[in-house]
Each structure stands twice: as structure tokens, then as C-alpha cells.
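*Asks:* Residues in the sequence shown are numbered from 1 upward in steps of one, following full-length UniProt numbering. Heads up, the beta-carbon is just placed ideally off N, CA and C, and yes, glycines get one too.
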Amino acid sequence: MPTDQGLLDTSIFIALETGRPLDTDRSPTSSCVSIITIGELRLGILTANDAQTRSARLSTFLDASELNPLPIDENVAEAWAQLRITLRDTKTKMSVNDSWIAATAMAHNIPVITQDGDFVEGLGFDIIRI
Numbered sequence: 001m002p003t004d005q006g007l008l009d010t011s012i013f014i015a016l017e018t019g020r021p022l023d024t025d026r027s028p029t030s031s032c033v034s035i036i037t038i039g040e041l042r043l044g045i046l047t048a049n050d051a052q053t054r055s056a057r058l059s060t061f062l063d064a065s066e067l068n069p070l071p072i073d074e075n076v077a078e079a080w081a082q083l084r085i086t087l088r089d090t091k092t093k094m095s096v097n098d099s100w101i102a103a104t105a106m107a108h109n110i111p112v113i114t115q116d117g118d119f120v121e122g123l124g125f126d127i128i129r130i
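(1) Drop a sphere of 10 angstroms on the beta-carbon of S30, count the other beta-carbons inside from all chains shown, and report buried for 16 or more, exposed for fewer.
(2) Helix, strand or coil for R54 per DSSP?
(3) I12 and I113: beta carbons closer than 7 Å?
(4) Return the Cβ separation of R88 and S99 in integer angstroms, given the expectation that the two are a contact with Cβ distance under 8 Å.
(5) Beta-carbon within less than 7 Å of A64's beta-carbon, same chain only, minus the 5 sequence neighbours each way: which residues are those?
(6) Cα separation between I130 and R57?
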């Protein structure tokens, strides 16, 4: 049964763009996105090697942007700082961008919806892999 809302990780948009399968039965009924994902998708546009790839990535970026990206605010910054301490103390590796995405989910009390194996359980946020 899908959750009411979830924070879509960048991997979901890449899956949609590339045709990688998604388990839509587990998808949330309502979705949002972190401003960090918007930045990662912008980077993808800028690093595209050809016009066709650039066009596909631009379309993906525009779709993601329609979800009214959640900003980094004081609550997200606090969650991020706490998460980085937890990562240090548990010797768990997570990229800076992924930790900002996770902190956004933590601050808004919603799960991260992802296909990215770098998100691990037990760090203070829920993960739904689709």
C-alpha cells in the first residue's frame, strides 16, 4: 500500500528518463522533491554530451520542477547537521547531496522514495525503494 506522500530522490527521475522500471505499486499518492534534486538534474543538463541527451534531461528537470521543490530551511539544516553526526558516529558513508535529500525528508517527516542503494535504514528517516 503506498504512503500518502514521499520525497522523490534523483534516482527516480533518472529511472523515468532512461526507462528503468519502477515499482509503482509502492509509489506515494503525492510526491515532492528536494531543491538538491533540482540541482543534480540541472547538472545533468550541463554535462550532457549531445543534444538528444540534453533535451531528455531538460524534460526531466522541467517535470521535477513542477513538484514545487522543498527548500533548505532552518529545519532541514538542523536535520542535516544531526544526520551528519549520526553518519560519523555509525561510520556510515553517504554523499553530501544524498544527506541533504535525507535531511529534507526528515524535516518534513516523509519517506525518501528511491532506487539508490546509498540510502540505508536506521538513520532517522524512512526509505521506500521502488
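*Replies:* Walking through what the data contain:
(1) Within the sequence shown, numbered from 1, the residue matching residue 30 stands at position 30. Burial call: exposed.
(2) Numbered from 1 along the sequence shown, position 54 holds the residue referred to as residue 54. Three-state DSSP puts R54 in a helix.
(3) Position 12 of the sequence shown, counting from 1, holds the residue named residue 12. Position 113 of the sequence shown, counting from 1, holds the residue named residue 113. Yes; because the gap between Cβ atoms is below 7 Å, this pair is in contact.
(4) Stepping through the sequence shown from its first residue, residue 88 is reached at position 88. Stepping through the sequence shown from its first residue, residue 99 is reached at position 99. With 8 Å as the limit, R88 and S99 do not qualify as a contact, their Cβ atoms being about 11 Å apart.
(5) Taking the sequence shown and counting its residues from 1, the one referred to as residue 64 is at position 64. F13, V33, T37, I38 and L41.
(6) Your numbering for residue 130 matches position 130 in the sequence shown. Your numbering for residue 57 matches position 57 in the sequence shown. So the alpha carbons of these two residues sit roughly 21 Å apart.
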